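**Student:** This is the structure I want to talk about, given as structure tokens.
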Amino acid sequence: MTIETERLFLRPFRESDANDVFEYLAEPEVNCFASMKLHSLEEAMREMKKRMGETGFYFAVVLKENEKVIGEIEAYPESDEPRDDDGSPKDTFSPCWMLNKAYQGKGYAYEAAHAFFDYLFKEKGARRIYAYTEDYNVASQRLCEKLGMRREGLFIEFVSFVGKPDGTPIYENTYQYAVLKREWR
């Protein structure tokens with residue numbers, strides 16, 4: 004499955020993407036991606052083999068002009084019900100996107116996310132898409148707003164991805180944004 008935009012392809016990962024992915028995951032810019040940090044090219048190659056099986060909900064963001072992987076976007080269906088075992092529809096998605104720092108500020112994140120949201124609503128039966136972003140990640144907040152998502156709330160000391168040198172967690176304030184299928188333009 005490949006999604007095409009004016010300047011990008013969203014496609015499944017390939018083994019040959021390891022160098023490009025290592026470029027932006029060697030030092031993730033935002034704490035929520037700390038668990039995805041790669042420490043070597045060999046580790047990146049192993050990660051690409053794992054990602055190759057993720058073809059419907061996890062995509063490499065690739066420049067058409069030179070086939071360079073400049074980021075990734077993913078979301079998996081989840082139930083909006085408190086119980087997942089009652090057969091309730093899995094029509095809610097919480098996307099996660101990351102872009103190589105060298106390619107930020109050029110509209111690529113919006114282009115990729117807009118196409119991905121369109122795909123989720125039209126092809127994957129999404130009813131609701133929501134996203135979390137840290138209170139300090141202004142670029143991600145702007146992207147959510149540009150995508151037509153509304154800010155639904157601020158969770159104070161919501162989650163911890165990193166710790167202090169002594170090992171105690173650093174909790175982050177997190178905004179939640181969302182858009183419904185009936186609101187999607």
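Heads up: the sequence shown begins at 4 in this note's numbering, then just goes up one per residue.
Yeah, the Cβ is synthetic: ideal placement off N, Cα and C, and Gly gets one too.
Quick caveat: nothing in here was measured; it's all calculated off a predicted structure.
Kindly indicate the opening and closing residues of the alpha helix (DSSP H) around F124.
**Tutor:** Position 121 of the sequence shown, counting from 1, holds the residue named residue 124. Note, F124: alpha helix (DSSP H), 111-126.
**Student:** From the DSSP secondary-structure annotation, give me the bridge partner or partners of P168.
**Tutor:** Taking the sequence shown and counting its residues from 1, one reaches residue 168 at position 165. The partner list for P168 (beta bridge, DSSP) is empty, contrary to what the question assumes.
**Student:** What residues in its chain sit with their C-beta under 7 Å from that of H117, if we drop five residues either side in the sequence?
**Tutor:** Residue numbering aside, residue 117 sits at position 114 when the sequence shown is read from its first letter. Hits under 7 Å: L150.
**Student:** May I have the straight-line CA-CA distance separating L28 from N103, to the nearest angstrom?
**Tutor:** In the sequence shown, residue 28 corresponds to position 25, counting from 1. In the sequence shown, residue 103 corresponds to position 100, counting from 1. So the two alpha carbons sit approximately 8 Å from each other.
**Student:** For D20, which residues from the same chain have a beta carbon less than 7 Å from its beta carbon, with the 5 sequence-adjacent residues on both sides left out?
**Tutor:** On the sequence shown, residue 20 is found 17 positions in, with the first residue counted as 1. Closer than 7 Å at Cβ, skipping near neighbours: M51, A63, V72.
**Student:** In angstroms with no decimal places, state the Cα-to-Cα distance between C35 and P172.
**Tutor:** Mapped onto the sequence shown, residue 35 falls at position 32. Mapped onto the sequence shown, residue 172 falls at position 169. The pLDDT assigned to C35 is 49, lower than 50, so where the model puts this residue is not dependable; a value taken from the coordinates is nonetheless given after this. Looking at the two C-alpha atoms, the distance is approximately 13 Å.
**Student:** Quick check on DSSP: helix, strand or coil for Y27?
**Tutor:** For the purposes of this step, residue 27 is taken as residue 24 along the sequence shown, with counting starting at 1. It is helical.
**Student:** Taking 8 Å as the limit between beta carbons, can you name the residues of its chain near E114, skipping five residues before and five after?
**Tutor:** The residue you call residue 114 lines up with position 111 of the sequence shown. Same-chain partners within the cutoff: T8, E9, R10, L11.
**Student:** Give the straight-line distance between the Cα atoms of Y133 and H42, rounded to the nearest whole angstrom.
**Tutor:** Counting from one through the sequence shown, the residue named residue 133 turns up at place 130. Counting from one through the sequence shown, the residue named residue 42 turns up at place 39. Cα-Cα distance, rounded: 30 Å.
**Student:** Does DSSP classify M55 as helix, strand or coil?
**Tutor:** As a first step, residue 55 is located in the sequence shown; it is residue number 52 there, counting from the start. Correct three-state label for M55: coil.
**Student:** As a quick exercise: from G128, R14, S163, pick the residue whose alpha carbon is nearest that of R184.
**Tutor:** One-based indexing of the sequence shown puts residue 184 at position 181. Before going further, note that residue 184 is Lys rather than Arg in the sequence given. Of the candidates G128, R14, S163, the one whose C-alpha sits nearest the C-alpha of K184 is G128.
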